[in-house]
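S.K.: This structure is in structure tokens; I'll ask about it shortly.
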Amino acid sequence: MLRIESRSLEQAVETALRVAVLEKLQERGLIPLIRAARHSLFELAMIGSDGAKKLEQALLLNSGPELPYVRGDIFCFEDFAFFLIFGDGERGDVGGVRAGIIHRAGVEDAALHLDSFCRHVGDALDAACATTQHNHDAHSGGSASPPHAASWLKHEPRVSDSFLRFAAAQDGDTSAAFARGEMVAGWLRAVGMLENLEARRVLRRLAEAHREGHGASLSIAGDEREGLSESQLSKLAEVGLIRREILVSCRRDGRALFRLPSPDAFSVLSASHAMCSECGSMLADEKAEEIAVPTSLTSTLLQDGTWLTSHLRSILVRLGIPENQVATHSISDDGELQMMTDVAGEPFLFLLRDGDWALPHVRGVFGEYAGADIAHLVIIATGRIHDDARQRLREYGRRHGGRGRETEVLLIEGMDAVASGLSEAFARIAERALAEELWELDPSLGFSAGRMLAARFRLLWRPSNISPDAAEAAAFGAPAGGGLRAF
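Mapped onto the working numbering, the consecutive letters of the sequence shown carry residue numbers 526 to 1012.
Given below as structure tokens:
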């Protein structure tokens, strides 16, 4: 998913100065894409490069009553792109200068690159002002006071009112919830064991047996693994969902005596010639078997669907959603989990269920969210979404859309399909936001500058053009193995 960061100067730049600013930036290694294309056109028109500069200046000083054709420019690099827009305070745009960076989510040093670009723009403005005043020995209202880097104002991203209300109503300490979410999400990103239905079933059985006071929750030998392989059990132990122990039982009456943390501990105890307190036999002759015991992490994750919301949170973060833009509500009476995030000012409401979505579950959606301004409704089931439930949910989207359009309803079965299902929707919204951000440059290109850049990033990051590791990272909206390349 693409992200946009921008800053602005409350400093108007007159028409005659804009080309000089772009020239100064080009001298610093920042090639203005639109001006380079326009300069090629001038060279073709003048049948050579000698007259291209003169034609550019002639049009710049005699552009007529319409808006100046130098509205800004784009600077493309392999992993990111800068944009620079000169505002006129007319036709709905903002006066002054706006500079920004467009990059894929997950890049940590994008803000540093934007700082550097803003410094370059400020220096170019200073140099262009000095050159213009020296050559023409004249005054300039827009360039009399050269701007400085310290005067750049940061633009905060848009956040919908629906998300703000949802986040304000979430339960508990939000900072603690975010911290716990980061911890569990990091663990789930490494293993994702709870996506396995059989693993969840076994872990629930272990947790129930443990709560009922049964010592030998699950024997690891024989058919009692319930469909889990040795490697899967080892994985559960590695990630801290189960703890392997040795259960020692009296061979005569089968009563559990005690548990030991490892076979080595049992060997040490057997070598000490210890005896059974029930039958008096040597401990080495008693029954010893390896068992799996659920950990406290298992109880935490399985209780109230915490594993499901934590897993979805980790997926959203990998797709480029900031952690502080994910809010969670407690589980409802009928087992429904609610989450919401915001993408470029558009709210996404997630309704999750660990199991199937059936028609009775959907009726509550119509009642609770009938008047809500929800642009996107995402229904996620670890099981199936029944056909009649699908029909009613699509009806909800048609009837309860806000701002003159239908609510988009996404139906996803299985957590393994969440990333692919959401990445496409997020990319579509990011492209629309980018087109709105750069609309002032559209007349200079003859097409949408934002959609062109979105397509450019998409084509550069096609899996066929990059390594397998980078392709996997790109699927989650982040480059693999490093950040932005220095310019």
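Backbone N, C-alpha and C fix where the C-beta goes; we use that ideal spot for every residue, glycine too.
(1) What whole-angstrom Cβ distance do A630 and L844 have, given they're in contact under 8 Å?
(2) Given that a residue counts as buried once 16 or more other Cβ atoms are within 10 Å of its Cβ, and exposed if not, what is N990?
(3) Which same chain residues end up closer than 6 Å to A649 when comparing Cβ atoms and leaving out the 5 residues on each side of it in sequence?
(4) If I follow the unbroken beta strand (DSSP E) through H854, where does it start and stop?
(5) Can you tell me whether I556 is helix, strand or coil according to DSSP?
(6) So, for E933: in the same chain, excluding its five sequence neighbours on each side, which residues have a beta-carbon less than 6 Å away from its beta-carbon?
(7) Between the segment 943-958 and the segment 908-919, do three or more beta carbon pairs fall short of 8 Å?
(8) Contact defined as beta carbons within less than 8 Å: I believe W677 pairs with R543. What is the distance between those atoms, to the nearest angstrom?
(9) In whole angstroms, what separates the C-alpha of L1065 from that of P885?
(10) So, are the CB atoms of G597 and F608 less than 8 Å apart?
(11) Determine the direct distance from the alpha carbon of E961 to that of A701, and round the result to whole angstroms.
(12) Name the residue from L555, M571, R623, L569 whose alpha carbon lies nearest to the alpha carbon of E535.
(13) First and last residue of the beta strand (DSSP E) that includes F608?
(14) If we count Cβ pairs, one from each stretch, closer than 8 Å, do we get three or more for the segment 864-872 versus the segment 844-853?
(15) Write down every uninterrupted run of the alpha helix (DSSP H) in the segment 831-886 whose length is 4 residues or greater and which is fully enclosed by it, in chain order.
(16) Would V818 pass as a contact of R768 if the rule is Cβ separation under 8 Å?
(17) From what residue to what residue does the beta strand (DSSP E) around E933 run?
(18) Quick one: grab the DSSP three-state call for P682.
(19) Using the C-alpha atoms, what's the distance from A762 back to D963?
(20) Can you tell me whether I610 is buried or exposed? The criterion is at least 16 other CB atoms within 10 Å of its CB, across all chains shown.
(21) Can you tell which of I905, A883, I899, S641 has the C-alpha that lies nearest to the C-alpha of S685?
(22) Between A799 and L808, is the Cβ-Cβ spacing less than 8 Å?
(23) Can you check which of these residues, R976, S574, G880, is closest to R726 by C-alpha distance?
(24) Could you tell me whether the Cβ of I572 comes closer than 8 Å to any Cβ of chain C?
(25) Applying the criterion that 16 or more other CB atoms from any shown protein chain within 10 Å of the CB defines a buried residue, is A635 buried or exposed?
(26) What residues in its chain sit with their C-beta under 6 Å from that of D913, if we drop five residues either side in the sequence?
(27) For L966 and I626, which I take to be in contact (beta-carbon distance under 8 Å), what is that distance rounded to the nearest angstrom?
M.R.: This is what the structure holds:
(1) 7 Å
(2) In this prediction, N990 has a pLDDT of 44, which is less than 50 and means its spatial position is unreliable; nothing more can be read from the coordinates.
(3) V546, K549, L550
(4) 851-854
(5) coil
(6) H901
(7) no
(8) Between R543 and W677 the Cβ distance is about 18 Å, and since that is not below 8 Å, they are no contact.
(9) In the structure displayed, the chain extends from 526 to 1012; residue 1065 sits before or after that span and is not available.
(10) yes
(11) Because the pLDDT at A701 is just 48, under 50, the model does not fix this residue reliably, and the value given afterwards should be weighed accordingly. Approximately 36 Å, taken between the alpha carbons.
(12) R623
(13) 605-612
(14) yes
(15) 831-843
(16) yes
(17) 933-938
(18) coil
(19) The question names Asp, but residue 963 in the sequence shown is Leu. One C-alpha to the other measures close to 51 Å.
(20) buried
(21) I899
(22) yes
(23) G880
(24) You won't find chain C in this structure, because it holds only one protein chain.
(25) buried
(26) L884
(27) Not a contact, Cβ separation roughly 15 Å.
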